[in-house]
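Everything in the sequence shown is counted per the working numbering, starting at 916 for the first residue and increasing by one. Below you'll find the structure, written out as C-alpha coordinates, and then a few comments.
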Amino acid sequence: YPLSPSSQDKATIEKFADVYVSKDHSIRELVRAIFSSDEFFSSRARFGLVKNPVELIVGSYRMLGAQYNPGTIAERNRRDTQTFNRSRLMGMDIFNPPDVAGWDLNLGWINTANMLERFNFSNAYITSRNADAAGAFVSNEQLKKNTKSSSKKTVKKFLSALGPLKVSGDTIKELKSYLETNDQGAKVEWAATDQDIDKKVRGLVHQIMSLPEYQSN
(Lines of atoms letter the chains of each structure in order from A and count residues from 1; the text may use other names and numbers.)
(Lines give C-alpha, C1' and ligand atoms only; values in the text may rest on other atoms or scores of the structure.)
Protein backbone atom coordinates (compact mmCIF):
# COMPACT_ATOMS: atom_id res chain seq x y z
CA TYR A 1 0.00 0.00 0.00
CA PRO A 2 2.73 2.59 0.72
CA LEU A 3 4.03 2.06 -2.81
CA SER A 4 0.97 2.53 -4.97
CA PRO A 5 -2.49 1.52 -3.73
CA SER A 6 -4.02 1.48 -7.19
CA SER A 7 -1.44 -0.64 -8.99
CA GLN A 8 -0.10 -3.42 -6.80
CA ASP A 9 1.18 -6.38 -8.79
CA LYS A 10 1.28 -9.95 -7.53
CA ALA A 11 5.05 -10.34 -7.85
CA THR A 12 5.71 -7.31 -5.66
CA ILE A 13 3.25 -8.46 -3.01
CA GLU A 14 4.74 -11.96 -2.94
CA LYS A 15 8.29 -10.58 -2.68
CA PHE A 16 7.47 -8.59 0.43
CA ALA A 17 5.35 -11.41 1.85
CA ASP A 18 8.39 -13.70 1.57
CA VAL A 19 10.48 -11.16 3.48
CA TYR A 20 7.85 -10.97 6.20
CA VAL A 21 7.72 -14.75 6.62
CA SER A 22 11.47 -15.37 6.33
CA LYS A 23 12.25 -12.66 8.90
CA ASP A 24 10.06 -14.24 11.57
CA HIS A 25 7.12 -11.93 10.86
CA SER A 26 9.14 -8.81 11.69
CA ILE A 27 7.37 -5.59 10.76
CA ARG A 28 10.71 -3.77 11.09
CA GLU A 29 12.32 -5.97 8.43
CA LEU A 30 9.27 -5.76 6.18
CA VAL A 31 9.30 -1.96 6.28
CA ARG A 32 13.07 -1.94 5.75
CA ALA A 33 12.64 -4.10 2.64
CA ILE A 34 9.90 -1.84 1.27
CA PHE A 35 11.81 1.39 1.89
CA SER A 36 14.99 0.06 0.26
CA SER A 37 13.30 -1.56 -2.74
CA ASP A 38 13.44 -0.41 -6.35
CA GLU A 39 9.64 -0.29 -6.33
CA PHE A 40 9.61 2.30 -3.57
CA PHE A 41 11.75 4.67 -5.65
CA SER A 42 10.11 3.95 -8.99
CA SER A 43 8.14 6.51 -10.98
CA ARG A 44 5.05 4.34 -10.49
CA ALA A 45 5.16 5.00 -6.75
CA ARG A 46 5.48 8.78 -7.05
CA PHE A 47 2.33 10.81 -6.44
CA GLY A 48 0.35 7.64 -5.83
CA LEU A 49 -1.11 8.68 -2.48
CA VAL A 50 -3.01 11.77 -1.37
CA LYS A 51 -1.01 13.72 1.22
CA ASN A 52 -2.41 13.44 4.71
CA PRO A 53 -2.83 16.78 6.52
CA VAL A 54 0.48 16.59 8.37
CA GLU A 55 2.34 15.78 5.16
CA LEU A 56 0.61 18.68 3.45
CA ILE A 57 1.39 21.19 6.21
CA VAL A 58 4.93 20.18 7.13
CA GLY A 59 5.88 19.45 3.53
CA SER A 60 4.70 22.89 2.46
CA TYR A 61 6.75 24.49 5.23
CA ARG A 62 9.90 22.64 4.24
CA MET A 63 9.67 22.94 0.46
CA LEU A 64 9.38 26.72 0.54
CA GLY A 65 11.81 27.26 3.39
CA ALA A 66 9.28 28.62 5.86
CA GLN A 67 10.54 30.72 8.74
CA TYR A 68 9.29 31.34 12.25
CA ASN A 69 9.61 34.33 14.49
CA PRO A 70 11.26 32.92 17.65
CA GLY A 71 8.64 34.42 19.95
CA THR A 72 8.02 33.65 23.60
CA ILE A 73 7.34 30.20 25.00
CA ALA A 74 3.63 31.00 24.96
CA GLU A 75 3.84 32.07 21.32
CA ARG A 76 5.75 28.91 20.37
CA ASN A 77 3.10 26.81 22.08
CA ARG A 78 0.41 28.73 20.20
CA ARG A 79 2.29 28.09 16.96
CA ASP A 80 2.23 24.33 17.58
CA THR A 81 -1.45 24.51 18.49
CA GLN A 82 -2.12 26.39 15.27
CA THR A 83 -0.53 23.57 13.27
CA PHE A 84 -2.53 20.95 15.17
CA ASN A 85 -5.74 22.88 14.57
CA ARG A 86 -5.03 23.18 10.84
CA SER A 87 -4.55 19.43 10.65
CA ARG A 88 -7.70 18.76 12.67
CA LEU A 89 -9.80 20.93 10.35
CA MET A 90 -8.51 18.84 7.44
CA GLY A 91 -9.67 15.66 9.15
CA MET A 92 -6.59 14.55 11.10
CA ASP A 93 -6.71 15.27 14.82
CA ILE A 94 -3.06 14.56 15.67
CA PHE A 95 -2.56 11.94 18.43
CA ASN A 96 -6.33 11.38 18.50
CA PRO A 97 -7.33 8.90 15.77
CA PRO A 98 -11.02 8.07 15.37
CA ASP A 99 -10.45 4.44 16.40
CA VAL A 100 -7.71 1.81 16.76
CA ALA A 101 -7.55 1.40 12.99
CA GLY A 102 -6.50 5.01 12.58
CA TRP A 103 -7.61 7.33 9.82
CA ASP A 104 -8.94 6.52 6.37
CA LEU A 105 -5.98 7.12 4.09
CA ASN A 106 -5.45 8.26 0.52
CA LEU A 107 -8.82 9.25 -0.97
CA GLY A 108 -10.24 9.36 2.54
CA TRP A 109 -8.66 12.81 2.86
CA ILE A 110 -10.62 14.14 -0.08
CA ASN A 111 -14.16 15.41 0.47
CA THR A 112 -15.89 18.76 0.05
CA ALA A 113 -15.14 19.98 3.58
CA ASN A 114 -11.55 18.77 3.79
CA MET A 115 -10.59 20.10 0.36
CA LEU A 116 -11.81 23.58 1.26
CA GLU A 117 -9.67 23.52 4.40
CA ARG A 118 -6.66 22.35 2.40
CA PHE A 119 -7.09 25.30 0.05
CA ASN A 120 -7.62 27.66 2.99
CA PHE A 121 -4.40 26.45 4.58
CA SER A 122 -2.47 27.08 1.37
CA ASN A 123 -3.85 30.60 1.14
CA ALA A 124 -3.23 31.45 4.80
CA TYR A 125 0.29 30.06 4.67
CA ILE A 126 1.51 31.77 1.52
CA THR A 127 -0.08 35.14 2.34
CA SER A 128 1.58 35.23 5.78
CA ARG A 129 4.64 37.45 5.70
CA ASN A 130 5.99 37.92 9.21
CA ALA A 131 3.25 39.65 11.18
CA ASP A 132 2.09 36.63 13.18
CA ALA A 133 4.80 35.55 15.59
CA ALA A 134 3.01 32.26 16.17
CA GLY A 135 2.84 31.09 12.56
CA ALA A 136 5.08 30.00 9.70
CA PHE A 137 5.71 32.50 6.94
CA VAL A 138 7.60 32.73 3.65
CA SER A 139 9.59 35.91 3.13
CA ASN A 140 9.84 37.75 -0.16
CA GLU A 141 13.58 37.05 -0.09
CA GLN A 142 12.86 33.32 -0.01
CA LEU A 143 10.38 33.58 -2.88
CA LYS A 144 12.86 35.65 -4.87
CA LYS A 145 15.21 32.65 -5.02
CA ASN A 146 12.80 30.86 -7.36
CA THR A 147 11.59 33.93 -9.26
CA LYS A 148 13.05 34.38 -12.74
CA SER A 149 12.98 37.17 -15.32
CA SER A 150 10.80 34.97 -17.54
CA SER A 151 7.24 34.18 -16.42
CA LYS A 152 7.47 30.66 -17.87
CA LYS A 153 10.75 29.98 -16.09
CA THR A 154 9.24 31.28 -12.87
CA VAL A 155 6.31 28.88 -13.19
CA LYS A 156 8.60 25.93 -13.90
CA LYS A 157 10.92 26.84 -11.04
CA PHE A 158 8.10 26.85 -8.50
CA LEU A 159 6.65 23.63 -9.93
CA SER A 160 10.06 22.10 -9.33
CA ALA A 161 10.44 23.59 -5.84
CA LEU A 162 7.01 22.31 -4.79
CA GLY A 163 7.47 18.78 -6.08
CA PRO A 164 8.86 18.47 -8.58
CA LEU A 165 5.40 18.42 -10.13
CA LYS A 166 4.63 17.16 -13.61
CA VAL A 167 1.69 19.08 -15.02
CA SER A 168 0.19 19.48 -18.47
CA GLY A 169 1.26 22.12 -20.95
CA ASP A 170 -2.15 23.73 -20.57
CA THR A 171 -1.63 24.08 -16.82
CA ILE A 172 1.75 25.73 -17.35
CA LYS A 173 0.14 28.05 -19.87
CA GLU A 174 -2.61 29.05 -17.43
CA LEU A 175 -0.13 29.69 -14.61
CA LYS A 176 2.06 31.74 -16.94
CA SER A 177 -0.98 33.74 -18.04
CA TYR A 178 -1.81 34.47 -14.39
CA LEU A 179 1.60 36.08 -13.88
CA GLU A 180 1.12 38.18 -17.01
CA THR A 181 -2.35 39.48 -16.10
CA ASN A 182 -3.02 42.43 -13.81
CA ASP A 183 -5.95 42.90 -11.43
CA GLN A 184 -8.00 44.53 -14.19
CA GLY A 185 -7.59 41.51 -16.45
CA ALA A 186 -5.22 43.21 -18.87
CA LYS A 187 -2.06 41.57 -20.17
CA VAL A 188 1.17 43.02 -18.79
CA GLU A 189 4.83 42.24 -19.23
CA TRP A 190 6.31 40.12 -16.46
CA ALA A 191 8.96 42.18 -14.67
CA ALA A 192 9.64 40.18 -11.48
CA THR A 193 9.63 43.32 -9.35
CA ASP A 194 9.41 43.23 -5.56
CA GLN A 195 5.72 44.08 -5.90
CA ASP A 196 5.24 41.21 -8.36
CA ILE A 197 6.91 38.82 -5.95
CA ASP A 198 4.84 39.96 -2.99
CA LYS A 199 1.57 39.69 -4.88
CA LYS A 200 1.69 37.64 -8.07
CA VAL A 201 4.28 35.07 -7.00
CA ARG A 202 2.40 34.44 -3.75
CA GLY A 203 -0.75 33.99 -5.82
CA LEU A 204 1.11 31.63 -8.15
CA VAL A 205 2.25 29.48 -5.23
CA HIS A 206 -1.31 29.31 -3.90
CA GLN A 207 -2.56 28.15 -7.30
CA ILE A 208 0.15 25.49 -7.55
CA MET A 209 -0.62 24.25 -4.03
CA SER A 210 -4.27 23.94 -5.06
CA LEU A 211 -3.49 21.72 -8.06
CA PRO A 212 -4.46 18.02 -7.87
CA GLU A 213 -0.83 17.15 -8.56
CA TYR A 214 0.29 18.95 -5.40
CA GLN A 215 -2.26 17.17 -3.22
CA SER A 216 -0.54 13.81 -3.70
CA ASN A 217 2.83 12.36 -2.68
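Cβ atoms here follow ideal geometry from the backbone N, Cα and C, with glycine treated the same way. Note that this is a predicted model, so its numbers are computed, not measured.
Inset, instruction - Could I get the ranges of all uninterrupted beta strand (DSSP E) runs contained in the segment 920-995, with 3 residues as the minimum, in chain order? - result: DSSP runs (the beta strand (DSSP E)) wholly in the segment 920-995: none.
Inset, instruction - For ARG1033, count neighbouring C-beta atoms within 10 Å of its own C-beta (all shown protein chains included) and say buried if the count is 16 or more, exposed if not. - result: If you number the sequence shown from 1, residue 1033 lands on position 118. Buried is the call here.
Inset, instruction - Per DSSP, which residues does SER1002 bridge with? Please list them. - result: Taking the sequence shown and counting its residues from 1, the one referred to as residue 1002 is at position 87. Its beta-bridge partners do not exist; DSSP assigns none.
Legend entry - Sequence-distant residues of its chain with Cβ nearer than 6 angstroms to SER1064 (five each side left out): Here residue 1064 corresponds to residue number 149 of the sequence shown, with the count starting at 1. Excluding residues up to 5 positions away in sequence, ALA1107 lie with their Cβ nearer than 6 angstroms to the Cβ of SER1064 in the same chain.
Inset, instruction - Measure the C-alpha to C-alpha separation of GLU944 and SER1043 and round it to an integer number of angstroms. - result: To locate residue 944, count along the sequence shown from 1; it is residue 29. To locate residue 1043, count along the sequence shown from 1; it is residue 128. Roughly 43 angstroms between the two C-alpha positions.
Inset, instruction - On a CA-only basis, which of ASP1109, TRP1105, LYS1059 is nearest LEU979? Give me that one, please. - result: Mapped onto the sequence shown, residue 979 falls at position 64. Distances from the CA of LEU979 to each of ASP1109, TRP1105, LYS1059 were compared; the closest alpha carbon is that of LYS1059.
Inset, instruction - Can you give me the Cβ contacts of GLN1122 inside the same chain, cut-off strictly under 8 angstroms, excluding the 5 residues immediately before and after it? - result: On the sequence shown, position 207 is the one that residue 1122 refers to. Once the five neighbours on either side are set aside, the close Cβ partners of GLN1122 are LEU1090, TYR1093.
Inset, instruction - Report yes if the CB atom of ASN1035 is closer than 9 angstroms to the CB atom of ILE1112, and no otherwise. - result: Numbered from 1 along the sequence shown, position 120 holds the residue referred to as residue 1035. Numbered from 1 along the sequence shown, position 197 holds the residue referred to as residue 1112. For ASN1035 and ILE1112, no; Cβs fall outside 9 angstroms.
Inset, instruction - Check the DSSP bridge columns for LYS1102 and list the partner residues they point to. - result: Taking the first residue of the sequence shown as position 1, residue 1102 is located at position 187. LYS1102 pairs with THR1096.
Inset, instruction - Closer than 7 angstroms by C-beta to GLY1050: which residues in its own chain qualify, once you throw out the five before and the five after it? Chain order, please. - result: Here residue 1050 refers to the residue found at position 135 when the sequence shown is read from its first residue. The beta carbon of GLY1050 sits closer than 7 angstroms to those of ARG994, GLN997, SER1043, all from its chain and outside the five residues before and after it, given in chain order.
Inset, instruction - Using only alpha-carbon positions, find the residue among TRP1018, ILE988, ASP1014, ARG991 that is nearest to SER1002. - result: Walking along the sequence shown from the start, residue 1002 turns up at place 87. Considering only alpha carbons, the answer is TRP1018.
Legend entry - Span of the alpha helix (DSSP H) around MET1030: Start at 1 with the first residue of the sequence shown, and residue 1030 comes out as number 115. Per DSSP, MET1030 belongs to the alpha helix (DSSP H) from 1027-1041.
Legend entry - Straight-line Cα distance separating PHE931 from THR1062: Along the sequence shown, read from residue 1 onward, the residue named residue 1062 stands at position 147. Along the sequence shown, read from residue 1 onward, the residue named residue 931 stands at position 16. Those two C-alpha atoms are separated by around 44 angstroms.
Legend entry - Outcome for GLY1084 when other beta-carbon atoms lying within 10 angstroms are tallied against a minimum of 16: Locating residue 1084 in the sequence shown gives position 169, where the first residue counts as 1. GLY1084 should be labelled exposed.
Inset, instruction - May I ask you to report which of helix, strand or coil DSSP gives ASN1132? - result: In the sequence shown, the residue the question calls residue 1132 occupies position 217. ASN1132 falls in the coil class under three-state DSSP.
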